[in-house]
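Engineer: Questions regarding the structure given below will be posed in turn.
Residue numbers (the working numbering): 8 to 158.
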């Protein structure tokens with residue numbers, strides 16, 4: 008899946024260099040990569056979560072800030088459940104080199120929720136990011152089974 012936008016790695020990315028205790032320059036990371044996902048077009052009304060109109064501007068701002076710090080930035084907007092899961096998995100599997108000297112940021116803007124499994128001892132709480140196609144019936148919480156399958 009192609010990103011909505013991607014920084015030109017050769018033109019924008021610069022290494023992060025600091026000085027060690029002896030005053031020598033040391034490059035901290037071999038590469039800096041960011042995956043930025045924004046979810047703004049939720050269904051709203053009686054069939055879904057409310058839209059988030061501020062997300063496109065937030066994505067623009069975070070992309071600029073990350074680029075300022077030398078990141079190669081990939082951005083995606085309004086992914087349904089299958090595209091959200093596949094985008095993250097594909098990016099991690101295929102775009103990130105197996106490089107211990109690299110830094111990586113995953114930034115998500117959109118609705119999210121937590122679910123607590125009381126059958127665990129101690130109880131376990133998991134957080135989920137929500138795709139734009141998740142249902143939210145009026146007056147009810149988002150269904151746990153849908154969150155676990157789509158979030």
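Don't be surprised by glycine CBs; every beta carbon is placed ideally from N, CA and C. All values derive from a computational prediction rather than experimental measurement.
Rounding to the nearest angstrom, what Cα-Cα distance links residue 141 and residue 106 in this structure?
Structural biologist: Taking the chain shown and counting its residues from 1, the one referred to as residue 141 is at position 134. Taking the chain shown and counting its residues from 1, the one referred to as residue 106 is at position 99. If I take the Cα positions, the gap works out to 35 Å.
Engineer: Does DSSP put residue 28 in a helix, a strand or coil?
Structural biologist: Along the chain shown, read from residue 1 onward, the residue named residue 28 stands at position 21. DSSP places residue 28 in coil when its eight states are reduced to three.
Engineer: On the DSSP bridge list, what partners appear for residue 124?
Structural biologist: Here the question's residue 124 lines up with position 117 in the chain shown. 131, per the DSSP bridge assignment.
Engineer: Express the C-alpha separation of residue 43 and residue 78 in angstroms, rounding to a whole number.
Structural biologist: Within the chain shown, numbered from 1, the residue matching residue 78 stands at position 71. Within the chain shown, numbered from 1, the residue matching residue 43 stands at position 36. Using only the alpha carbons, I get a separation of about 11 Å.
Engineer: Which residue's Cα is closest to the Cα of residue 120: 74, 157, 128, 93?
Structural biologist: The residue you call residue 120 lines up with position 113 of the chain shown. If we check each option's Cα against that of residue 120, 157 comes out closest.
Engineer: Does the pairing of the region 83 to 102 with the region 124 to 139 give three or more beta-carbon distances under 8 Å?
Structural biologist: These segments touch.
Engineer: How would you call residue 85, buried or exposed, if buried means at least 16 neighbouring beta carbons within 10 angstroms?
Structural biologist: On the chain shown, residue 85 is found 78 positions in, with the first residue counted as 1. Flag for residue 85 reads buried.
Engineer: From residue 99 to residue 115, what does the alpha carbon distance come to, in whole angstroms?
Structural biologist: Counting from 1 along the chain shown, the entry for residue 99 is found at position 92. Counting from 1 along the chain shown, the entry for residue 115 is found at position 108. Rounded to whole angstroms, residue 99 to residue 115 spans 15 Å at the Cα level.
Engineer: For my contact list, residue 108 and residue 36 are in at a C-beta cut-off of 8 Å; report their separation, rounded to the angstrom.
Structural biologist: Walking along the chain shown from the start, residue 108 turns up at place 101. Walking along the chain shown from the start, residue 36 turns up at place 29. That belief holds up - the Cβ atoms of residue 108 and residue 36 are roughly 6 Å apart, short of 8 Å.
Engineer: Would you tell me roughly how many angstroms separate the C-alpha atoms of residue 80 and residue 41, rounded to the nearest one?
Structural biologist: Indexing the chain shown from 1 puts residue 80 at position 73. Indexing the chain shown from 1 puts residue 41 at position 34. Straight-line Cα distance between these residues: approximately 5 Å.
Engineer: For residue 70, collect the residues of the same chain with a Cβ closer than 7 Å to its Cβ; drop the 5 residues on either side in sequence, then sort them by chain order.
Structural biologist: Here residue 70 refers to the residue found at position 63 when the chain shown is read from its first residue. 43, 80, 82.
Engineer: What residues in its chain sit with their C-beta under 6 Å from that of residue 102, if we drop five residues either side in the sequence?
Structural biologist: On the chain shown, position 95 is the one that residue 102 refers to. Once the five neighbours on either side are set aside, residue 102 has no close Cβ partner at all.
Engineer: From residue 58 to residue 126, what does the alpha carbon distance come to, in whole angstroms?
Structural biologist: Within the chain shown, the letter at position 51 stands for residue 58. Within the chain shown, the letter at position 119 stands for residue 126. Cα to Cα, the separation comes out at about 34 Å.
Engineer: Let me make sure I understand the geometry here. Which of 55, 45, 111, 95 has the alpha-carbon closest to that of residue 38?
Structural biologist: Within the chain shown, numbered from 1, the residue matching residue 38 stands at position 31. Among 55, 45, 111, 95, the Cα nearest to that of residue 38 is on 111.
Engineer: For residue 118, is the classification buried or exposed, using 16 other Cβ atoms within 10 angstroms of its Cβ as the cut-off for buried?
Structural biologist: Sequence index remark: in the chain shown, residue 118 carries index 111 (1-based). With 16 or more Cβ atoms within 10 Å of its Cβ, residue 118 is classed as buried.
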